[in-house]
Structure formats: structure tokens, C-alpha cells
Amino acid sequence: MKIERPRGTRDFLPEEMEKRRAVEKKLREIVESYGYREVATPTFEHSELFKIKSGEGIVEEMYVFEDKSGRELALRPELTAPIMRFFVNDCSSLPRPIRFYYFGNCFRYERPQKGRYREFWQFGVELIGSDSYLADAEVISLADKMLKSLNIEYELHIGHVGILRSALSLLGDKASKVMRLIDKRDEEGLESYLNELGVEEDLKDKIKAIMNLKGGREIIEDAKRITDYNFHYIEKLLDIIDSLGIKYTLNLGVARGLDYYTGIVFEFYAKDLGAQKQICGGGSYELAQLFGGVRTPATGFAIGFDRVCELIEAKTKRKAVIVVVYFKGFEKIAFEVAEDLRNSGFIVVVDVMERNLKKQLSYANDINADFALIVGEEEIRKEEFSVKDLRSGEQISIPKEDLTTFLHVRLKR
Ligand code: HAM
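Residue numbers for the sequence shown, in my numbering: 141 to 553.
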């Protein structure tokens with residue numbers, strides 16, 4: 141019986157993994173250059189962690205299960221809540237601000253489609269302990285730099301949930317559903333929900349006006365006519381973002397799909413991804429006090445790793461591969477030679493199928509190896525190896541002691 145992999149999950153071939161690792165490496169270099177250090181948390185948590193404040197949207201999509209002792213656990217749908225749990229439990233005495241980054245798989249029971257999976261990876265950062273606009277400026281510019289380094293075309297939208305939330309303050313605990321409808325841009329759903337709640341026309345107009353405010357900095361003036369919200373924080377943040385030459389759209393309709401945001405929010409949209417175009421999302425939030433800690437401001441973001449990988453061409457350069465081919469009876473020597481070469485830094489493959497020399501050579505060609513190194517009686521007697529450059533077809537005899545130098549020189553060509 142053939143067993144399929146679960147819906148919404150993927151298997152990755154070596155080429156895909158090489159590309160993913162290359163992207164990961166680049167992202168790591170950039171976050172580390174900002175002083176962020178990697179942390180890791182468990183793949184599953186007590187489901188409560190995500191029920192407290194992540195919002196109904198996330199909870200509905202959560203993989204929840206009971207373990208053998210009856211505990212209710214959940215596969216993590218994201219990493220911000222786990223990092224804040226970790227911070228409260230074990231890291232709250234670290235010097236502030238704390239700069240953490242992570243790269244891990246997340247699980248959401250969503251309807252799978254291109255760019256949307258049930259298991260996907262996030263590369264994210266959390267900057268914990270500052271409530272300054274400078275912290276938001278740092279994480280936005282960091283996300284921008286990471287995505288820029290991948291040569292992706294995208295748009296950055298910056299908003300502030302405080303403005304929408306203050307307009308929704310009369311709605312109490314119904315506000316988060318409204319935020320979710322705004323996040324989904326579900327205008328019909330929003331209209332009917334606001335009607336259901338009996339929201340007056342004036343407030344409805346105000347909500348719709350705010351969510352449609354989008355453009356350059358000049359929209360702040362329009363916003364000030366609609367709300368009495370203080371835009372000082374946003375203006376100071378935008379001064380920094382402008383001075384760094386980062387392009388953005390100020391979009392007061394950015395509501396985010398998670399409930400815990402309190403201030404600046406931002407999203408990056410890729411130009412060519414269609415429906416699943418959001419490649420990064422983040423903002424500032426306060427979660428520590430909900431997990432038994434002291435109220436602590438924090439800000440961060442997560443890049444949708446799978447989505448950015450899908451946008452970039454595989455350009456990884458494969459390292460050269462050497463295949464040691466040998467005549468029957470020379471297995472031991474072949475294994476020894478291979479080991480010596482590996483210790484000198486080469487990738488070396490030896491036949492483990494007890495095939496004849498011809499078949500070994502044809503396998504070397506099939507896997508696109510760069511060199512075949514022949515081991516047989518003559519080679520041992522003369523203390524030299526026949527090396528076949530599979531890229532040119534040329535075959536050369538090299539004294540044993542010159543072998544590694546020869547290969548190094550050849551590979552540089
Ligand atoms: P999020 O917007 O829910 O935010 O997810 C971050 C990114 O993960 C999205 O922008 C998207 O690219 C990617 N993503 C989400 N769901 C899927 C999926 N089903 N398949 C593929 N990619 C997906 C968060 O999770 C917050 N924790 C981000 C954050 C960090 N905020 C502050 N700190």
C-alpha cells in the first residue's frame with residue numbers, strides 16, 4: 141500500500157534543500173550582523189499558550205491533540221508566543237533589549253494552495269524590552285534588508301493597530317473579530333457584522349475610512365481629520381525609515397491576523413505571488429504579562445520562508461563531487477583513499493553496490509560527478525592514480541602525493 145504524505149505538507153529534494161539552506165544562511169548572516177542570536181523552542185506547546193491572545197483565527201487553524209496523560213497540546217502555529225513564554229520563564233533577567241531570532245516549522249490547518257501549507261517555516265526575530273519607535277525602526281529596516289538581499293520585488297505596508305483599535309474601542313471584545321475581517325479585507329462580512337452589532341453609520345464610516353487610508357506620508361493629514369489619534373510616534377518612526385531610503389506605503393488598514401499587536405504593524409507583499417503574497421508580517425505587541433511575567437514591550441516579525449524560497453531562482457553552486465571507482469578486490473584501498481580525500485575537504489562517493497568498474501563509471505556520469513578516481517592494481521603498483529575529469533573527458537595520471545593539490549587546482553578552474 142502506498143502511503144501519501146499528509147495534505148499541506150511537502151517533501152524536499154536535495155536541490156530544493158540546497159536552495160533553502162542557501163537562503164537560510166544569507167538570512168542568518170544579516171540578522172546576526174544586527175546582534176540577534178538564535179533561540180529554539182519546542183515544536184509543541186500547551187495549547188493554552190496560543191489561546192490566550194493569538195486570536196480566534198489562529199486557534200481555529202491549530203493542530204490540537206491530547207497526549208497520553210490527557211494534556212492538551214498544540215503544534216505551534218507561530219513562534220512569537222513561544223518565545224515570550226520562554227522569555228518570561230527563563231530569560232527575563234537578560235540585559236535589555238534582548239535580540240532573539242529563530243528559524244522553525246509552524247503548523248496551521250489551512251486550506252492548502254500554492255504558498256500556503258499546513259507545515260511551513262518562519263524565519264523571525266523578536267526585539268524585547270523597548271517601547272521606543274527606534275525598536276520598530278530597527279525591525280522594519282532589518283526585515284527590509286533581509287528581503288532585499290534575496291532580490292525579491294515587494295511592497296512594504298506600514299500601519300498602526302492603535303488607530304483602528306481606538307475607533308473600535310466601543311465594541312469591547314467584538315473588536316477582534318472586526319479586526320480579523322479587516323485583515324481579510326472581507327468588506328461584505330465586515331458590513332454585515334457591524335450591522336449585526338448595531339454599529340451606527342458614523343462609526344461605520346469612520347472604520348471604513350481608516351481602513352482605506354493608504355498612501356504616502358501625506359495621508360497622516362487626512363487621518364488627522366478622521367481621528368484624534370496622536371501620530372507623533374508614527375511620524376518619528378517614518379523619519380528614520382525615510383532617512384534609510386526604505387520605500388513604503390502607509391496603510392492604516394493593516395490589521396494583522398493575530399490579536400496581540402498593540403502598535404506599529406507591517407506587512408511585506410511580494411509582487412508575483414498572487415493570493416498568498418504576504419511574505420513577512422510583524423509589529424509591536426505585549427504578551428509577557430499574559431504569560432505570568434511583567435508587562436514588557438516587544439516588537440518583531442516573521443518571514444514566510446517557503447514563500448520567499450518560491451520567489452527566487454535556484455542559484456546554488458554545487459560543490460564538486462569525486463567518485464572513487466575501483467576494481468574488484470580493491471574495496472579496502474578505495475575506502476581508505478576516499479576517506480583521505482574527505483579529510484582534505486572533498487566530497488567523495490564510493491560504490492557500495494559491488495558493481496563493476498564500467499557501471500561505477502557510468503553511475504559517476506549519471507550523478508554529474510566532476511572526477512572519477514580509479515583504484516586498481518596498476519595504480520597501486522605505480523603509486524599513481526588515474527583521474528578522469530568527467531567534465532572534459534580528459535584522463536590524467538597523477539602521482540599519489542600530488543593528488544590533492546591537483547584536485548584543488550582543477551576545481552578552481
Ligand atoms: P503571520 O503573519 O501570521 O505572523 O506569519 C508570518 C508569515 O508566515 C506570513 O507573512 C507568511 O509569509 C507566512 N505564513 C503564514 N501562514 C503560512 C502558511 N500556511 N503557509 C506558508 N506561509 C505562511 C506571525 O506568525 C507573527 N508571529 C509574526 C511576528 C513576529 N510578529 C511579531 N513578531
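Note that CB positions come from ideal geometry on N, CA and C, so glycine has one too. Treat the numbers as computed from the prediction; the structure is a model and nothing was measured.
_Beta-carbon proximity check, Leu353 vs Ala363, cutoff 7 Å_ = yes
*asked:* Would you say the beta carbon of Ala442 is closer than 6 Å to some non-hydrogen atom of ligand 1?
replied: yes
*In or out: Phe107 buried (at least 16 other Cβ within 10 Å) or exposed?*
The chain is shown only over 141 to 553; residue 107 falls outside these bounds and no answer can be derived.
*At 4 residues or longer, and completely inside the segment 441-517: list those alpha helix (DSSP H) runs for me, N to C.*
Every unbroken stretch of the alpha helix (DSSP H) spanning 4 or more residues and falling wholly within the segment 441-517 is given here in chain order: 445-451, 471-483 and 497-506.
_Closest residue to Ile487 among Glu494, Ile381 and Lys459 (Cα-Cα distance)_ = Measuring from the Cα of Ile487, the nearest candidate turns out to be Lys459.
*For ligand 1, is there a heavy atom less than 6 Å away from the beta-carbon of Cys420?*
yes
*State the DSSP-derived secondary structure class of Asn370, mapped to helix, strand or coil.*
Correct three-state label for Asn370: coil.
*Of all the options Thr220, Glu426, Glu178 and Val179, which has the alpha carbon lying nearest to the alpha carbon of Ile198?*
Thr220
*Thinking C-alpha only, which one of Arg482, Cys449, Ser484 and Arg495 is nearest Leu471?*
Before going further, note that residue 471 is Glu rather than Leu in the sequence given. Nearest to Glu471 by C-alpha distance, out of Arg482, Cys449, Ser484 and Arg495, is Arg495.
*Since Glu407 contacts Val394 with CB under 8 Å, what's their CB separation in whole angstroms?*
Yes, they are in contact, since the Cβ atoms of Glu407 and Val394 sit about 6 Å apart, within 8 Å.
*asked:* Taking contact to mean 3 or more Cβ pairs, one atom from each stretch, closer than 8 Å, check whether the segment 226-238 and the segment 337-349 are in contact.
replied: no
*From the DSSP output, in three-state form, read off Ile198 for me.*
helix
*Mind reading off the beta-carbon distance from Gly299 to Val405? Whole number of angstroms is fine, and I expect it under 8 Å.*
A Cβ-Cβ separation of about 5 Å places Gly299 in contact with Val405 under the 8 Å criterion.
_Closest to Glu361 by C-alpha separation, out of Leu392, Gly385, Glu336 and Asp382, would be which residue?_
Leu392
*Do Glu212 and Ser187 have their CB atoms nearer than 7 Å?*
Yes. Within cutoff.
*Count the C-beta pairs between the segment 201-211 and the segment 152-169 that are closer than 8 Å, then say yes if the count reaches three, no if not.*
no
*Please say whether Val448 and Leu290 have beta carbons closer to each other than 7 Å?*
yes
*Pull up the distance between the alpha-carbon of Lys522 and that of Lys540, whole angstroms please.*
9 Å
_Among Asp368, Val179, Tyr409 and Ser309, whose alpha-carbon lies nearest the alpha-carbon of Glu293?_
Tyr409
*Compute every distance between the C-beta of Gly195 and the non-hydrogen atoms of ligand 2, then say whether any falls below 6 Å.*
Ligand 2 is not part of this structure, which contains only ligand 1.
*Cβ of Val279 within 7 Å of Cβ of Tyr401?*
No, the Cβ-Cβ distance between Val279 and Tyr401 is not below 7 Å.
*Would you identify the three-state DSSP class for Ser316, choosing helix, strand or coil?*
helix
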